[in-house]
Amino acid sequence: MPGIAFRQLSKRYGAITALDGLTADVMPGRVTAFLGHNGSGKTTSMRLLLGLSAPDSGVATIGGERYVDLPHPLRRVGAVLDQGFHPNRSAVNHLRIVAAQAGVPRYRVEEVLDLVELTPAARRRVGGFSLGMRQRLALASALVGDPAVLVLDEPFNGLDPAGIATMRAFLRRFADDGGTVFLSSHLLSEVAHSADEAIVIHRGHLVSAGPVSELSTTTPGVAVTSVDADLLAVTLARRGAVVERTGPHSLDVTGASTDDVGRAAADIGAVVTDLHAIADDLESVFADLIHRQEATS
Amino acid sequence: MTTLVRIEFLKLRTTPAVYVALALAFFLTVTSVLTTILLAGQPGTAPLGSVENVSHVLAIGVVTSFSMLVLGVMLTAGEDRHRTNLATYLAEPRRGRVLLAKLVTAAVTGAVGGAVVFGLDLAIALPVYAAKGVHHLPVDVLSLWTGTTLLTACFGLLGVALGALTRNTVAAIIAALVWAVVIEIGVLQPLFPSAAKWLPTGAAVSLTTATDHGAMLSPGAAALVLVGWAAAVSLVASRVTLRRELR
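Printed below as a string of structure tokens:
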């Protein structure tokens, strides 16, 4: 059973369709990234999932149940959205409240403070916290109930490189222990490092869902520089690739892998001075997916 | 529900607002009692120990009810202001229960706060009066004490409801002040006194005034009217809270 399931989920705000029939699964034991431009429907999906907003149609479930039907939601799901903190409340008091809400013992507060390395600042007012400290406190709040599902909206925001590495390692460990991690992020390079799966939405529609590794190879493209570019272009074209001349000695090739291009060059004895895959970074893939979605709609 | 109320009290205890309100109420109580007694008999003031003078000394409900209204607003609109409402609804997605817990918290805090501050008022006034030779208060102290307790509890409810409706602390407090001071006291009470006495401020005045009620409602009727207003506005706030989107 998926940790999180969206089924034909739709939501309109007046004339604006924020989400249109989203269907997707988020599996336990995996870190799943939720990608999309601002306004694509990511936050709406998360709010619908967490019962903060009601869908017009469809359903979002966690372990087969709607969030509003979970008996102790904070013990099943930990969420980091853009929720705030009372600036005059200390971190430890904030977590005491969350612990009371979750119905867990007080010692969990000390445990999660330790986990996010905020123990030295536990009695400080949250109003004086840096963005990174607030992010860590938000994560601590999500973990108080010791949930099996984490829903995180932009968890890397405000974190320094060390914080990002710590967060990345934590999410990996959480998923490896069988937990479900569902995170949205605009830092695509971080997603490439952190996530196993990616769900891409654009203007409320699902664009793509699957392993990040597959996503990265859905748009094969190779850039090759060769002093024998003309001959290589002809050879590649004969083998079914689409070749575009980008310079006197350089070609962009689609429909062939780097292996294919290298082998073709070897076969004809072409001298290759540069050969690398293009569009295999997530930013390019993401942009390409969105572009294709726009072209088909 | 008990857990939700306990959590609301924990929220109150862990922010300075409640302590500031208590300190303010204490300061204003001491100042009001001492100045009203010590300046009694001066030109433009009622004679020391008169019904009007004692009534004025014991009219601390004005302060406590407004303080409680602000605290009630903080319980709801304060959560919107600091965006802690999302965490609250993640913990308890049934919004009606959250609002009910806040209403109970405000009513209990208001009742206890109103009763304690009135007691403080009395505890300061009695020895000062005695020192001035006044040994009998010519008013029904118990009725005023009960009225002040009920008034403060009801204004706590109204604060929570107004905060939930406006989702803005400043707007809620200004709206309450404009309604009470400008619309009721400034316009309706002088122009339509027979209708104005059925409104919240009119009923509040009836509950905390020891002088001849005349055209005002009796304390019993005023209590019912005020409870009715608090319940009605709370009900509207509840319906609105359940129906609209969170921000």
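Chains as they are written, first to last, in this note's numbering: chain F, 1 to 297; chain Z, 1001 to 1247.
Ideal Cβ positions, reconstructed from N, Cα and C, are used throughout, including at glycine.
The model shown is predicted, which means the values in this text are computed figures rather than measured ones.
- Note on the segment 115 to 173 of chain F: whole beta strand (DSSP E) runs with a minimum of 3 residues are 149 to 153, in chain order.
- Looking at the DSSP output, L275/F sits in a beta bridge with V224/F.
- In the three-state DSSP reduction, V104/F falls in the coil class, being neither helix nor strand.
- For the segment 36 to 63 of chain F, the beta-carbon criterion of a distance under 8 Å to any beta-carbon of chain Z is satisfied by R47, L50, G51, L52, S53.
- Cβ atoms of L275/F and V224/F come within 8 Å of each other, at about 5 Å.
- Comparing alpha carbon positions, the residue from D146/F, T254/F, L152/F closest to P105/F is D146/F.
- Per DSSP, Y67/F lies in no alpha helix (DSSP H) and is assigned neither H nor E.
- In terms of beta-carbon proximity, H86/F lines the interface with chain Z, with at least one pair separated by less than 7 Å.
- Against chain Z, the beta carbon of L81/F has neighbours under 7 Å at L1086, listed in chain order.
- In this structure, G204/F lies near G41/F, with their beta-carbon atoms less than 7 Å apart.
- In this chain, E1052/Z is not harboured by any beta strand (DSSP E); it is covered by the alpha helix (DSSP H) spanning 1051 to 1057.
- I16/F: member of the beta strand (DSSP E) spanning 16 to 26, first to last residue.
- Per DSSP, the unbroken alpha helix (DSSP H) holding P1193/Z starts and ends at 1193 to 1196.
- Against chain Z, the beta carbon of P73/F has neighbours under 9 Å at L1090, A1091, E1092, P1093, listed in chain order.
- If the five residues before and after W1179/Z are omitted, its C-beta is found closer than 7 Å to no C-beta atom of its own chain.
- For N93/F, the residues of chain Z that pass the 7 Å Cβ criterion are T1014, in the order they occur in the chain.
- A residue is called buried when at least 16 other Cβ atoms come within 10 angstroms of its Cβ; T1035/Z does not meet this threshold and is exposed.
- S141: these are the residues of the segment 122 to 155 of chain F whose beta carbon lies less than 8 Å from some beta carbon of chain Z, given in chain order.
- For R245/F, the enclosing beta strand (DSSP E) has its first and last residue at 242 to 245.
- Contact holds between the segment 1201 to 1217 of chain Z and the segment 1037 to 1056 of chain Z, because three or more Cβ pairs, one in each stretch, are under 8 Å apart.
- Taking C-alpha positions only, S1194/Z is separated from A1215/Z by approximately 7 Å.
- DSSP places H193/F in the helix class (H, G or I) of the three-state scheme.
- Check the Cα spacing between V1005/Z and each of A1196/Z, F1066/Z, L1075/Z, L1144/Z: the tightest is with L1075/Z.
- Counting along the chain, I268/F sits inside the alpha helix (DSSP H) bounded by residues 258 to 268.
- Between F156/F and the set A148/F, L137/F, V149/F, V144/F, the nearest pair of CA atoms involves L137/F.
- Within chain Z, the residues P1093, R1094 have their CB atoms less than 9 Å from the CB of V68/F, given in chain order.
- One finds nothing in chain F with a Cβ atom closer than 9 Å to the Cβ of L1071/Z; even the nearest lies about 14 Å away.
- Between M1068/Z and T1166/Z, the CB-CB gap reaches or exceeds 7 Å.
- Listed along the chain, the chain F residues whose CB falls inside 8 Å of the CB of E1184/Z amount to none; the nearest CB is some 33 Å away.
- Between R239/F and chain Z, the shortest Cβ-Cβ separation is not below 7 Å.
- Look at P1127/Z here: in three-state DSSP terms it is helix.
- Beta-carbon to beta-carbon, I1060/Z and T1029/Z are separated by about 6 Å, close enough to satisfy the 8 Å threshold.
- Taking a C-beta distance under 7 Å as the contact criterion, D153/F and V31/F do not qualify as a contact pair.
- With 16 or more neighbouring CB atoms inside 10 Å of its own CB, D1121/Z falls in the buried class.
- In the three-state DSSP reduction, Q1189/Z falls in the helix class (H, G or I).
- Residue range 57 to 62 is occupied by the beta strand (DSSP E) that includes S57/F.
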